[in-house]
Amino acid sequence: MRGFIRTNPGRGDKCVKREGRRSVADAESGVRGNVAADPGARAAAARAVLWLLVAVLAVRQMAVVLSRPAGERLTDLETWTGATGVLHMAGSLYDPGRFTGTPFAGLVLKPLTVSAEQALGVVWTFGTLLLVVALGFVAVRALPAPVSRRTAFLAAPFAITLLMVSLPVRNTLFLGQTSILPVLLVLLAWFVARGERLPGVLAGLAAALQPVVLLFAVLFWLTGRRRAAVTGGAVFAVCTALAWAVMPQDSWAYWVHHLAGAGLGERPDSLANQSLHGALLRFGLQGPAEIALFLVLAAAVVLVGLRRAVRYARDGQPLLAVAVTGCVAVAVSPTAWQHQLLWVLLAVVGRVGTRASDRLVWPAVVVLVLTLPGKMLLPNVGVIIPVRDNILLVTALGAACVAPFLSRTSPHWQRPVPTEHARPVPSRFAWVPLLPFWRRVLSRPNLLLELLLIRVVYSAYAQVRLAATAGRSTAEEHGRQIHSAEQWLHIDIEHWANHAVVGIPWLRNFFDYYYSTFHFIVPLAILGVLYVRRPSDYRWARTTIGFATVLALFGFWLYPLAPPRLMPGLGFIDTVHGVQDLDSPDFGALTAMTNQYAAMPSLHFGWSLWCGLVIVLLAPRAWMKALGLLHPVFTVSAIVATGNHWVLDAVGGAAVVAAGFGLTYVLSGPRRLEARTGADTGTGPGTGGGAATGTAAEAAPGGEGAGGQRVVPAEPAGSTA
């Protein structure tokens, strides 16, 4: 293991030790010194809002946990407290469905379980929240220097907020687990405790509670802190031996019968086990072959991960080194349950990417993975299901072995290649309050992050749409209101169009196919073309359809509406879904699958209108513009003829699209940008390098891109996205 790092024969381990302490001290002084400076009124307001959010999340977490019935909350805690509310129960700790921690953990927890279960639940949950707050403060203390004044001022509440909403913390609170304590002990050992003995004691205690954490003793050794490493190993051995002396049968069951706890808890091949061992079992490998492959892969991950951790520790990024080692522990542990994956979230401190436009990709991916379920991040497509099911493991392996974190000696550490922005364009209407911080970006966005965000937004949209229900009677009452309004306006053509199309089989088939197919294909195709050919217009177009979709959710929530095909007594024929017996008790099965009453506004027509307008604005040929306008015409005909929408639903769809374009204009100004001058066409250090090249490629010979897009020079070095 000594081959992992280079040593200086003349100065020895003491020099390495002093350098490690100095890097931590520099990080701490950088944070503390910046906090002392005046952060400004805006930052102070933002900090107050973040602390308020922390308080709200804490109260909500306690309310959610404690409001559940006794048998559905703190389930892991209740399995080993026993019927009388104490740990002194008959039989072994490791009887089926009981304790899953180490024998030493059971020994430590016994004094904490003398209270009744109800009081224990309150104290346990509140204590866990306090540990989360402490964890956030210690993590912020360890940020690598230099840290900007604003970052230092806002880091603590922001970090605690992220911890509160992360899946590991939520899972820990729900189950009543102890997995936050080992993480906090390790961070205290590295960033708070002084000397060598106390850090070793803290790391040893953490390993006694979670054995795989003993890897941090190895990290101590490899970074030159030999005394801390030896102390950690000794404390782990003493604690384990003490548990053997007090509870020999339970210790035998844990360390020998269950192979250091590998056989406890849920099935190791369940999706909850996000370790390499669990992934191999899910891939169908079993027996000696699976164990051998797991050991080989685990050894490779330990080798690569610890080498990287040592490099980052010596580079003055000890928090990243700790996070990488924790991710290694997650991957190589026989079982890594969701509440044990908090190490992955700490990896957000690593800086990846030389361009400012790419700098947020890694932390955004980590935060999304650690706060949202895999089904929201990736669709149910066969090829990517293995990635979706193991996405936490993939992220941990990426942090441990793959992610190219920057060194602090890199010229891009503090000054990434600047993002190319559009210059502020005077608004056509002087009263429009353009927001100065929402600057038009000209470069192409990161594809991975873009796809991930689009998927997350659509998943959230689908969830809200499904939840926005108010009952069949309310939706039908609103349907009668819309029908009456259309009769008064003399635009109630739905019944005539529906029956006319049913009488022409080929036309009915055409509209059924058009309704079911082109709703997603056309918008995605347009966004794909714009992403490749017109990056700045892609951002503008994506923002407009995003605003329109969000606004539509308010309509679904506030005004549930039965479409014509689900209105009893009006004689409409459902050409797409078939005949619906509205009097059947089983009729609700259709509306239970999706929210069939999310009809106002019609996003079928809204998205098609957006497609038509974008094509008209950007297409270089007249025939393309005319063809683009056919899509909303065909769509409105299809939604009316198939009985899926009222005419006024299409009006609502047009309204939210218009509002989407309006909000985009208010935030970022007109679509057309200022022309680039001859002096601004360079690609030197001040222009953002490749970003400028990509933008210039859009321009047509006349100084404008196809469809009239104009480009502008980059901002000076140091600007960020």
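So for the sequence shown, my numbering puts the first residue at 379; every next one is plus one.
Just so it is clear, CB atoms sit at the ideal spot from N, CA and C, and this is done for glycine as well.
Whole-Å CB distance - residue i paired with residue j, under 8 Å assumed
i: G857; j: A940; result: 4 Å
i: G582; j: G602; result: Not a contact, Cβ separation roughly 18 Å.
i: V745; j: V726; result: 6 Å
i: F889; j: A1016; result: 4 Å
i: L658; j: L671; result: 6 Å
i: P913; j: R822; result: 4 Å
i: W988; j: V1044; result: Actually they do not touch by this definition, with Cβ atoms about 17 Å apart.
i: P481; j: D628; result: 5 Å
The ligand ZN heavy atom lying under 6 Å from the CB of residue i
i: N758; result: With respect to small molecules bound, the structure shown includes none, and the ligand ZN cannot be examined in it.
Residue i vs residue j beta-carbon contact at 7 Å
i: T506; j: M440; result: no
i: D915; j: L908; result: yes
i: V819; j: H790; result: no
i: L547; j: A534; result: Sequence inspection shows Val at residue 547; the Leu mentioned does not correspond to that position. No. Outside cutoff.
i: T1042; j: T922; result: yes
i: T749; j: S544; result: yes
i: T713; j: A687; result: no
i: A586; j: F552; result: no
i: Q695; j: P938; result: no
i: L562; j: A571; result: no
i: V1018; j: A875; result: yes
i: G683; j: A778; result: yes
i: A734; j: P782; result: no
i: L929; j: A1000; result: no
i: V1014; j: F983; result: yes
i: R1107; j: L784; result: Nothing about residue 1107 can be read from this structure; the chain reaches only from 379 to 1099.
Exposure label - residue i; buried when at least 16 CB within 10 Å
i: V910; result: exposed
i: I869; result: exposed
i: V347; result: There is no way to answer for residue 347, as the model of the chain reaches only from 379 to 1099.
i: V700; result: buried
i: V743; result: buried
i: I762; result: exposed
i: R1049; result: buried
i: Y891; result: exposed
i: G949; result: exposed
i: R817; result: buried
i: L637; result: exposed
i: S894; result: exposed
i: W884; result: exposed
i: R645; result: exposed
i: Q555; result: buried
i: V780; result: exposed
i: M542; result: buried
i: T1073; result: Confidence at T1073 is low in this model, with a pLDDT of 36, below 50, so the placement of that residue is unreliable and no value is reported for it.
i: V680; result: buried
Bridge partners - residue i, DSSP secondary structure assignment
i: H799; result: V819
i: V730; result: F783
When the options are compared against residue i, the one with the closest alpha-carbon
i: T773; options: Y690, S653, R801; result: S653
i: G662; options: V739, R817, P764, A571; result: P764
i: V432; options: F536, P1048, P560, G984; result: F536
i: P901; options: P712, L671, G990; result: G990
i: W740; options: P757, K753, V722, L756; result: V722
i: A421; options: S526, G1031, G578, I993; result: S526
i: L697; options: H636, L566, L756, A1037; result: L566
i: I769; options: N758, P751, R786; result: P751
i: Q588; options: T478, A520, R645; result: T478
i: G947; options: E854, A919, A619; result: E854
i: G639; options: W715, L981, V1011, L600; result: W715
i: P577; options: T550, A612, G554; result: A612
i: V423; options: P447, F531, F482; result: In the sequence on display, residue 423 carries Ala and not Val. Taking only the C-alpha atoms, the option nearest A423 is F531.
i: Q792; options: L995, H1009, E644, P524; result: P524
i: N758; options: R833, S785, W599; result: R833
i: L936; options: V842, H877, M1002; result: V842
i: H1135; options: R917, L829, G924, D952; result: Residue 1135 cannot be examined here, being either before or after the span of the chain that is shown, 379 to 1099.
i: R575; options: L559, V608, W599; result: V608
i: G849; options: L944, G728, M542; result: L944
i: V500; options: V516, W622, S445; result: S445
i: V880; options: G1021, A997, R729; result: G1021
i: V442; options: R604, K1003, N549; result: N549
i: L775; options: H861, E872, A677; result: A677
i: L540; options: H1023, P560, L513, G665; result: L513
is_contact[residue i, chain D] using C-beta, thresh 7 Å
i: V928; result: Chain labels in this structure do not include chain D; a single protein chain is all it has.
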